[in-house]
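Visitor:
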Amino acid sequence: MKKLLSIVIITILFYACVGNDKIILKESIGKINKVMVVAKISDWTGDIGQEIRNSFGELMVGLPQPESILSVSQVAPTGFSSMMKASRNILVITEGEKENFLVKRNVYAQPQTVLYIQGKDDETIIKILKERKQEIRRIFLDSDIKFTQNIFAKEKLDDSKFATLRNLGVSLTIPEKFRTVKDTLNFLWLRNHLTSGIAKTGSNNILVYSFPIEDETTIADSIVSVRNKIGKMHIPGSDPEKMHMITEKAYTPFTFDAIIDGKKAYETRGKWEVKNDFMAGPFLNYTILDKKNNRIVVVEGFTYAPSVNKRAFLFELEAIAKSIKID
Numbered sequence: 001m002k003k004l005l006s007i008v009i010i011t012i013l014f015y016a017c018v019g020n021d022k023i024i025l026k027e028s029i030g031k032i033n034k035v036m037v038v039a040k041i042s043d044w045t046g047d048i049g050q051e052i053r054n055s056f057g058e059l060m061v062g063l064p065q066p067e068s069i070l071s072v073s074q075v076a077p078t079g080f081s082s083m084m085k086a087s088r089n090i091l092v093i094t095e096g097e098k099e100n101f102l103v104k105r106n107v108y109a110q111p112q113t114v115l116y117i118q119g120k121d122d123e124t125i126i127k128i129l130k131e132r133k134q135e136i137r138r139i140f141l142d143s144d145i146k147f148t149q150n151i152f153a154k155e156k157l158d159d160s161k162f163a164t165l166r167n168l169g170v171s172l173t174i175p176e177k178f179r180t181v182k183d184t185l186n187f188l189w190l191r192n193h194l195t196s197g198i199a200k201t202g203s204n205n206i207l208v209y210s211f212p213i214e215d216e217t218t219i220a221d222s223i224v225s226v227r228n229k230i231g232k233m234h235i236p237g238s239d240p241e242k243m244h245m246i247t248e249k250a251y252t253p254f255t256f257d258a259i260i261d262g263k264k265a266y267e268t269r270g271k272w273e274v275k276n277d278f279m280a281g282p283f284l285n286y287t288i289l290d291k292k293n294n295r296i297v298v299v300e301g302f303t304y305a306p307s308v309n310k311r312a313f314l315f316e317l318e319a320i321a322k323s324i325k326i327d
């Protein structure tokens, strides 16, 4: 009887492992915003590698220090070991008669994004890399956004406790490490005090507010003036009479079209500073057209982390902002 029971248990476990990828696949590894490139050394040291480094190495706009959009490392196909295959973001470059651009998920681990690019020669591969540069970067960045949001969702605040979010009919996936600075029914300010390294005197901040749509054609041009108005009203410096947050005058922000929660939006990246003070840092602003409710909803993140790189901090804020749901 015991022998029969053992056989039944082993059989069940066998079929469970074969039929369920989540059991078979190991957990992926790797830093956020980093891509492992699988390519021959001759390709990596040649024009193909240079094109990849140029594309992924373009500088993020809005940061005070030069930081690339994505970090990249390379491994030869012969060195693409089991440990390497567990990387979360992988770009595979191969030569073949047929051109190919293919994205697969969870090939060797999970969560994982593997992008395959194939061409008959260097020129063909470089052509694909150039023509689809924005798409390639967006594939890996979006994967990391989703990965980060899933982590935050495991230990998130109950956003229904915030009066402003309830009043605006808005929900966000907010990590537990954030604390309330201000919650007025119409304006929410959350802060996470950074605790690691020399950034421990800094903070990550989230803002949420709304205002009526007056002229849809001027929304993009008014983003800076609106955030300056909000800064004066709600974000004071050490001397509230003389100091408050403004958009840095010496740096023109970059604004791009975006889609947030299925709605037309504008993504603005730039630098903030405190008027009459020396505090400053990068910000990321999403101005969202909520036509159903005839209003603009704004979710913004800004970072204060002097003397350290800020890409990772701002990326966390981007993941939070893009989790917004508007009723």
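The numbering of the sequence shown is the UniProt record's numbering, which starts it at 1 and goes up by one. The beta carbon of each residue, even a glycine, is placed where N, CA and C say it ideally should be. Small disclaimer: the values here were computed from a predicted structure and weren't measured.
Work out the CA separation of Asn204 and Asn276 for me, nearest whole Å.
Guide: Here residue 276 refers to the residue found at position 276 of the sequence shown. Here residue 204 refers to the residue found at position 204 of the sequence shown. Whole-angstrom Cα-Cα distance: 21 Å.
Visitor: Please determine, among Phe147, Tyr209, Ser222, Gly169, the residue with the shortest C-alpha to C-alpha distance to Phe187.
Guide: Here the question's residue 187 lines up with position 187 in the sequence shown. When only C-alpha atoms are compared, the closest one is Tyr209.
Visitor: Are the CB atoms of Ile117 and Ile93 within a distance shorter than 7 Å?
Guide: As a first step, residue 93 must be located in the sequence shown, where it is residue number 93. As a first step, residue 117 must be located in the sequence shown, where it is residue number 117. Their beta carbons are under 7 Å apart, which means Ile93 touches Ile117 by this criterion.
Visitor: Grouping DSSP H, G and I as helix and E and B as strand, with all else coil, what is Asn228?
Guide: For the purposes of this step, residue 228 is identified with residue 228 of the sequence shown, where counting begins at 1. Helix.
Visitor: Quick check: the Cα distance between Asn106 and Lys26, rounded to an integer number of angstroms?
Guide: One-based indexing of the sequence shown puts residue 106 at position 106. One-based indexing of the sequence shown puts residue 26 at position 26. Computed Cα separation, rounded: 10 Å.
Visitor: Please classify Lys98 as buried or exposed, where buried requires at least 16 neighbouring CB atoms within 10 angstroms.
Guide: To locate residue 98, count along the sequence shown from 1; it is residue 98. Looking at its Cβ environment, which holds fewer than 16 other Cβ atoms inside 10 Å, Lys98 is exposed.
Visitor: Counting pairs of Cβ atoms below 8 Å between the stretch 286–303 and the stretch 312–320, do you hit three or more?
Guide: yes
Visitor: Closer than 8 Å is the cut-off here; do at least three beta carbon pairs connect the stretch 157–168 with the stretch 119–132?
Guide: no
Visitor: Mapping DSSP to helix, strand and coil, what is Lys310?
Guide: Taking the sequence shown and counting its residues from 1, one reaches residue 310 at position 310. Lys310 falls in the coil class under three-state DSSP.
Visitor: Can you give me the Cβ contacts of Lys104 inside the same chain, cut-off strictly under 6 Å, excluding the 5 residues immediately before and after it?
Guide: Reading the sequence shown from its first residue, position 104 is the one you call residue 104. Taken in chain order, the residues that qualify are Val114.
Visitor: Nearest CA to the CA of residue 332: which residue from Asp261, His193, Met243?
Guide: The structure shown does not extend to residue 332, since the chain is modelled only from 1 to 327, so the question has no answer here.
Visitor: Indicate the three-state DSSP secondary structure (helix, strand or coil) for Phe162 in the structure shown.
Guide: Within the sequence shown, residue 162 is the residue found at index 162, counting from 1. Here Phe162 sits in coil by DSSP.
Visitor: Can you list, in chain order, the residues of its chain with a C-beta nearer than 7 Å to that of Phe178? Leave out the 5 residues immediately preceding and following it.
Guide: What you label residue 178 is simply residue 178 of the sequence shown in a count that begins at 1. Once the five neighbours on either side are set aside, the close Cβ partners of Phe178 are Leu157, Leu190, Arg191, Asn192, Ile206.
Visitor: Kindly indicate which three-state DSSP category Thr69 falls into: helix, strand or coil?
Guide: For the purposes of this step, residue 69 is taken as the residue at position 69 of the sequence shown. Checking the displayed sequence, the identity of residue 69 turns out to be Ile instead of Thr. Ile69 falls in the coil class under three-state DSSP.
Visitor: Quick check on this structure: which residue in Val75, Pro66, Ile29 has the alpha carbon closest to the alpha carbon of Ile41?
Guide: Translated into positions along the sequence shown, residue 41 becomes position 41. Closest by alpha carbon: Val75.
Visitor: Evaluate Phe56 with the Cβ neighbour count: other Cβ atoms within 10 Å of its Cβ, from every protein chain shown; 16 or more gives buried, anything less gives exposed.
Guide: One-based indexing of the sequence shown puts residue 56 at position 56. The residue is buried, with at least 16 neighbouring Cβ atoms inside 10 Å.
Visitor: Below 8 Å on the Cβ atoms is my contact criterion, and I expect Arg88 with Ser28 to pass it. Report the Cβ-Cβ distance as a whole number of Å.
Guide: Residue numbering aside, residue 88 sits at position 88 when the sequence shown is read from its first letter. Residue numbering aside, residue 28 sits at position 28 when the sequence shown is read from its first letter. Right, their Cβ atoms sit about 4 Å apart.
Visitor: Work out the CA separation of Leu289 and Thr217 for me, nearest whole Å.
Guide: Position 217 of the sequence shown, counting from 1, holds the residue named residue 217. Position 289 of the sequence shown, counting from 1, holds the residue named residue 289. Cα to Cα, the separation comes out at about 11 Å.
Visitor: Measuring CA to CA, which of Ala280, Lys292, Phe254 is closest to Val308?
Guide: Stepping through the sequence shown from its first residue, residue 308 is reached at position 308. Here the closest residue by C-alpha is Ala280.
Visitor: Does the Cβ-Cβ distance between Gly62 and Gly202 come in under 7 Å?
Guide: Numbered from 1 along the sequence shown, position 62 holds the residue referred to as residue 62. Numbered from 1 along the sequence shown, position 202 holds the residue referred to as residue 202. Contact: no.
Visitor: According to DSSP, is Thr184 helix, strand or coil?
Guide: The residue given as residue 184 occupies position 184 in the sequence shown. The answer is coil: DSSP assigns Thr184 none of H, G, I, E or B.
Visitor: Can you tell which of Ala258, Asn100, Ala312 has its C-alpha closest to the C-alpha of Gly119?
Guide: In the sequence shown, residue 119 corresponds to position 119, counting from 1. Selected option, being the one with the closest Cα: Asn100.
Visitor: Please determine, among Val181, Gly262, Ala86, Thr164, the residue with the shortest C-alpha to C-alpha distance to Gly30.
Guide: Here residue 30 corresponds to residue number 30 of the sequence shown, with the count starting at 1. The shortest C-alpha separation from Gly30 is found at Ala86.
Visitor: In three-state terms, what does DSSP make of Met60?
Guide: Residue numbering aside, residue 60 sits at position 60 when the sequence shown is read from its first letter. It is coil, neither helix nor strand.
Visitor: Can the beta-carbon of Asp144 be found closer than 7 Å to that of Ile52?
Guide: Within the sequence shown, numbered from 1, the residue matching residue 144 stands at position 144. Within the sequence shown, numbered from 1, the residue matching residue 52 stands at position 52. Not a contact, by the Cβ cut-off of 7 Å.
Visitor: Which runs of the alpha helix (DSSP H) fall wholly inside the stretch 205–277 and span at least 4 residues, in chain order?
Guide: 223–234
Visitor: Let's see if you can read the secondary structure: which residues bound the beta strand (DSSP E) around Glu300?
Guide: Locating residue 300 in the sequence shown gives position 300, counting from the first residue. Its beta strand (DSSP E) spans residues 295–304.
Visitor: Where does Ala280 fall in DSSP's three states?
Guide: Working through the sequence shown from its first residue, we reach residue 280 at position 280. Ala280 falls in the strand class under three-state DSSP.
Visitor: Tell me, to the nearest whole angstrom, how far the beta carbon of Ile235 is from that of Glu273; I am working on the premise that it is less than 8 Å.
Guide: Walking along the sequence shown from the start, residue 235 turns up at place 235. Walking along the sequence shown from the start, residue 273 turns up at place 273. Actually they do not touch by this definition, with Cβ atoms about 11 Å apart.
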